[in-house]
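In this note's numbering, the protein residues as written are 640 to 1111.
No residue lacks a Cβ here, since even glycine has one placed at the ideal position from N, Cα and C.
First up is the structure itself, then whatever we jot down about it.
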């Protein structure tokens, strides 16, 4: 059974160290250093700063390598001199630094224009683009030159102007206390004209933090499990250093937790029982605050002991080869109403719940719209009783769909080959034979689907193909 109780929610806010730098961020920084800020394009040097020490640096302009260097000793940065900016050196620059296993990702983009009007900076929010009590939201304005003065403006308020001098840096940090649309610019000296403004960034004011996301095994929003199985619910927040909580309905659950990143937590459910099915949500709380975030979208667990009869799954329309882009309805029929149905997709060895429905009658209709090759898979369905004793059905016989077009055609071909061994064609001395489906090894005869239907016998020069698939 899943444990319940108030418990202390898990939180983690580790200090950033070089190890975290290597684990989470290896992108180098690229900026321009000039001989004189009064004439910024007169003599320019580009500095590529790595996250970790390295002996290799590479500079690109407009996507083409300009210089590749290998140092004798590891260093944190390397400077590429450009000199006076001319038509040959104008362009968009990036750099990268070496790692033990290759190269880092490319650095930020740096525009070198040589024009009188300076290129715009980049404005972003940290950690999120909204403000709420207890959260310190900041605006980061990053320019291309070291040692400039940054200017922050608020749309609709001509009196609002914040100034930040960065004599040794390339970016400025502005705390945000008001919602609105912000932009920033910079100037190289007091008498100089400001650069072009950045793109506008909108900051909202919220009564409660935005919801986290909750998923099963970090992938789907629903799963069908057997009693006694284990599963993991992953709750991810839009910011780090928060307290997490898992709930089923309004009930707070106390379950084992772990984390490998400060913005998410893994809730581990061990040996789930039939009564543990239902809708789960998670939320988080900022440090020192009483307000919880909005609840995540629910993740659903369906527990099936397979004691109820298997449902029947069919497709409508059963046209042999509908064109890609058509709509298809998969119908799952149970013996009685008042049940919860799940459509399960299986391909590449993975089983995922496609959708969950609670129809009023005995049949659930799962719509597949605008089908494409990506919908090619085996489908089955199950149902569970949401009232005690919470029994569940065995899965239906699989329905195999294969959609022609671009996409996983190899799955269709391998699937056809895999299923062809399960069909047997028998011919009599006349012109009519029969086609029989043989269950795969290990499948009980009472759960196998057997079909016998008329089939014309081939002429001596005719190749007969018996695809056991529903082609879409």
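Alpha carbon to alpha carbon, how far is residue i from residue j?
i, j, result
"residue 695", "residue 730", "23 angstroms"
"residue 742", "residue 680", "30 angstroms"
"residue 925", "residue 1021", "40 angstroms"
"residue 774", "residue 877", "12 angstroms"
"residue 899", "residue 851", "17 angstroms"
"residue 770", "residue 813", "13 angstroms"
"residue 677", "residue 798", "28 angstroms"
"residue 668", "residue 1030", "58 angstroms"
"residue 1032", "residue 1006", "22 angstroms"
"residue 708", "residue 697", "6 angstroms"
"residue 831", "residue 720", "24 angstroms"
"residue 971", "residue 849", "37 angstroms"
"residue 1076", "residue 737", "Since pLDDT at residue 1076 reaches only 39, below the 50 mark, its modelled position is unreliable, and no value is offered."
"residue 991", "residue 671", "50 angstroms"
"residue 745", "residue 665", "9 angstroms"
"residue 1038", "residue 913", "27 angstroms"
"residue 948", "residue 1025", "16 angstroms"
"residue 944", "residue 956", "32 angstroms"
"residue 691", "residue 740", "13 angstroms"
"residue 688", "residue 715", "6 angstroms"
"residue 722", "residue 828", "20 angstroms"
"residue 927", "residue 782", "34 angstroms"
"residue 818", "residue 907", "38 angstroms"
"residue 883", "residue 718", "45 angstroms"
"residue 888", "residue 915", "11 angstroms"
"residue 823", "residue 796", "14 angstroms"
"residue 674", "residue 765", "32 angstroms"
Return no unless some Cβ of chain D is closer than 8 angstroms to the Cβ of residue i.
i, result
"residue 734", "The chain labelled as chain D is not found in the depicted structure, where only one protein chain is given."
Going by the CB atoms, is the gap between residue j and residue i shorter than 8 angstroms?
i, j, result
"residue 918", "residue 939", "yes"
"residue 837", "residue 874", "no"
"residue 844", "residue 757", "no"
"residue 871", "residue 905", "yes"
"residue 954", "residue 941", "no"
"residue 950", "residue 981", "no"
"residue 710", "residue 732", "no"
"residue 734", "residue 699", "yes"
"residue 802", "residue 788", "yes"
"residue 809", "residue 842", "no"
"residue 1000", "residue 1034", "no"
"residue 901", "residue 932", "no"
"residue 921", "residue 853", "yes"
"residue 833", "residue 793", "no"
"residue 952", "residue 969", "yes"
Pop quiz: residue i and residue j are said to be a contact at Cβ under 8 angstroms. What is the actual Cβ separation, rounded to whole angstroms?
i, j, result
"residue 983", "residue 1011", "Actually they are not in contact, since the Cβ atoms of residue 983 and residue 1011 sit about 20 angstroms apart, beyond 8 angstroms."
"residue 1014", "residue 1042", "5 angstroms"
"residue 683", "residue 751", "7 angstroms"
"residue 979", "residue 1023", "5 angstroms"
"residue 881", "residue 923", "4 angstroms"
"residue 861", "residue 936", "Residue 861 to residue 936, Cβ: 11 angstroms. No contact."
"residue 821", "residue 840", "5 angstroms"
"residue 713", "residue 686", "Not a contact, Cβ separation roughly 17 angstroms."
"residue 776", "residue 847", "Not confirmed; about 15 angstroms, so no contact."
"residue 910", "residue 867", "5 angstroms"
"residue 986", "residue 1016", "4 angstroms"
"residue 724", "residue 702", "Contact flag wrong, Cβ pair sits at about 19 angstroms."
"residue 786", "residue 759", "No, residue 786 and residue 759 are not in contact; Cβ-Cβ is about 18 angstroms, not under 8 angstroms."
If you follow the beta strand (DSSP E) that residue i is in, where does it begin and where does it stop?
i, result
"residue 855", "852 to 855"
"residue 841", "840 to 844"
"residue 1017", "1016 to 1023"
"residue 747", "Residue 747 -> no beta strand (DSSP E), and no H or E assigned at all."
"residue 986", "979 to 986"
"residue 799", "796 to 804"
"residue 862", "861 to 864"
"residue 820", "819 to 826"
"residue 906", "903 to 908"
"residue 970", "967 to 972"
"residue 1005", "1002 to 1007"
"residue 992", "989 to 996"
"residue 917", "917 to 925"
"residue 1012", "Run containing residue 1012: none; DSSP gives neither H nor E here."
"residue 1039", "1038 to 1041"
"residue 787", "Note, residue 787: premise wrong, no beta strand (DSSP E); not H, not E."
By DSSP's criteria, residue i is part of a beta bridge. Which residues make up the other side?
i, result
"residue 682", "According to DSSP, which records beta bridges pairwise, residue 682 is partnered with nothing at all."
"residue 668", "688"
"residue 695", "709"
"residue 733", "699"
"residue 714", "693"
"residue 779", "763, 812"
"residue 722", "683"
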